[in-house]
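**Q**
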Amino acid sequence: MRKSAAEALGTRTAILERSVAIASAEGLEGLTIGRLAFELEMSKSGVIGHFGTKEALQLAVLGRAGEIFRAEVWAPAIPAEPGLPRLRVLCEAWISYLEREVFPGGCFFVAASHEFDGRAGAVRDAVVSLFDAWRGRLRKEAGRAADAGDLPPGTDPDQLVFELLGLLMATNHAIQLHRDPMAPERARRAVRARLGG
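Sequential numbering from 1 applies to the sequence shown in full-length UniProt numbering.
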């Protein structure tokens with residue numbers, strides 16, 4: 001008997017959720033059809049049937065991780081006033097996301113960028129696209145804040161975004177590699193020093 005569309009969607013969702021958890025801790029290359037089949041008590045063909053290829057699975061996992069990141073970091077900032085207030089909320093939401101370890105392996109995209117930065121292919125391109133979208137959002141709010149005079153005169157929004165991205169990546173590193181309990185508060189102090197408030 002064929003599965004209903006709802007059952008198939010539920011199975012696909014279960015595969016994606018487990019894949020996101022594995023990939024966040026062990027990398028996208030750590031995903032294997034055999035492991036997923038074993039953990040989800042499915043056949044290998046049942047797992048691969050939902051995606052077709054390992055690369056398609058990796059791309060779907062990136063998409064799902066992006067949805068989680070947007071819900072955790074971007075959505076809380078939407079109600080904030082555009083410009084500096086929203087930029088502050090975005091930074092706090094990102095620190096909170098890292099502090100709460102929403103993904104078992106820390107920031108999914110920091111890990112994926114390290115895993116794929118020296119490679120070519122569709123997965124790397126997807127990681128770049130997701131990072132570009134995030135950098136673009138930060139740049140937009142930094143530009144609004146600079147235009148409104150809410151940042152020191154002469155502030156270069158692109159430089160500010162570069163520094164904020166570096167700061168939050170360093171926070172992820174401190175939490176994940178060094179298990180530094182002070183990392184989130186250090187990050188908050190650094191953001192306040194850079195953005196004021």
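Here a beta-carbon is modelled for each residue, glycine too, at the ideal position from N, C-alpha and C.
Which same chain residues end up closer than 7 Å to PHE38 when comparing Cβ atoms and leaving out the 5 residues on each side of it in sequence?
**A** Your numbering for residue 38 matches position 38 in the sequence shown. None.
**Q** Can you name the start and end residues of the alpha helix (DSSP H) that ASP125 belongs to?
**A** Position 125 of the sequence shown holds residue 125. Segment 122 to 147, the alpha helix (DSSP H) holding ASP125.
**Q** Taking only three categories from DSSP, how would you classify MET169?
**A** Walking along the sequence shown from the start, residue 169 turns up at place 169. Here MET169 sits in helix by DSSP.
**Q** DSSP on ARG179, reduced to helix/strand/coil?
**A** Reading the sequence shown from its first residue, position 179 is the one you call residue 179. Of the three classes helix, strand and coil, the one that applies to ARG179 here is coil, per DSSP.
**Q** From what residue to what residue does the alpha helix (DSSP H) around LEU36 run?
**A** Stepping through the sequence shown from its first residue, residue 36 is reached at position 36. Unbroken alpha helix (DSSP H) run through LEU36: 33 to 40.
**Q** Mind checking which residues open and close the alpha helix (DSSP H) that includes residue 198?
**A** No answer is possible for residue 198: the residues shown for the chain start at 1 and end at 197.
**Q** With a cut-off of 8 Å, do at least 3 Cβ pairs link the stretch 47 to 60 to the stretch 6 to 17?
**A** yes
**Q** Could you tell me the boundaries of the alpha helix (DSSP H) in which CYS91 lies?
**A** For the purposes of this step, residue 91 is taken as the residue at position 91 of the sequence shown. Per DSSP, CYS91 belongs to the alpha helix (DSSP H) from 84 to 99.
**Q** Do LEU164 and ALA142 have their C-beta atoms closer together than 9 Å?
**A** In the sequence shown, the residue the question calls residue 164 occupies position 164. In the sequence shown, the residue the question calls residue 142 occupies position 142. Yes, Cβ-Cβ distance for LEU164 and ALA142 is below 9 Å.
**Q** Please classify MET1: does DSSP put it in a helix, a strand, or coil?
**A** The count along the sequence shown starts at 1 and reaches residue 1 at position 1. Its pLDDT being 45, under 50, MET1 is placed unreliably in this model, and the value from its coordinates should be taken loosely. MET1 falls in the coil class under three-state DSSP.
**Q** Buried or exposed: THR171, going by 16 or more other Cβ atoms within 10 Å of its Cβ?
**A** The count along the sequence shown starts at 1 and reaches residue 171 at position 171. Buried, since its Cβ has 16 or more Cβ neighbours within 10 Å.
**Q** Does the stretch 86 to 104 come within contact of the stretch 182 to 189, defined as at least 3 CB pairs closer than 8 Å?
**A** Yes, since at least three Cβ pairs between the stretch 86 to 104 and the stretch 182 to 189 fall closer than 8 Å, the two stretches touch.
**Q** How far does the alpha helix (DSSP H) with PHE103 in it reach, from first residue to last?
**A** On the sequence shown, position 103 is the one that residue 103 refers to. Per DSSP, PHE103 belongs to no alpha helix (DSSP H) and is neither H nor E.
**Q** In terms of residues, what are the limits of the alpha helix (DSSP H) holding HIS114?
**A** For the purposes of this step, residue 114 is taken as residue 114 along the sequence shown, with counting starting at 1. Counting along the chain, the alpha helix (DSSP H) containing HIS114 begins and ends at 108 to 116.
**Q** Could you check the C-alpha separation between LEU177 and ILE95 for me, to the nearest Å?
**A** Sequence index remark: in the sequence shown, residue 177 carries index 177 (1-based). Sequence index remark: in the sequence shown, residue 95 carries index 95 (1-based). In a straight line, the C-alpha of LEU177 is about 16 Å away from that of ILE95.
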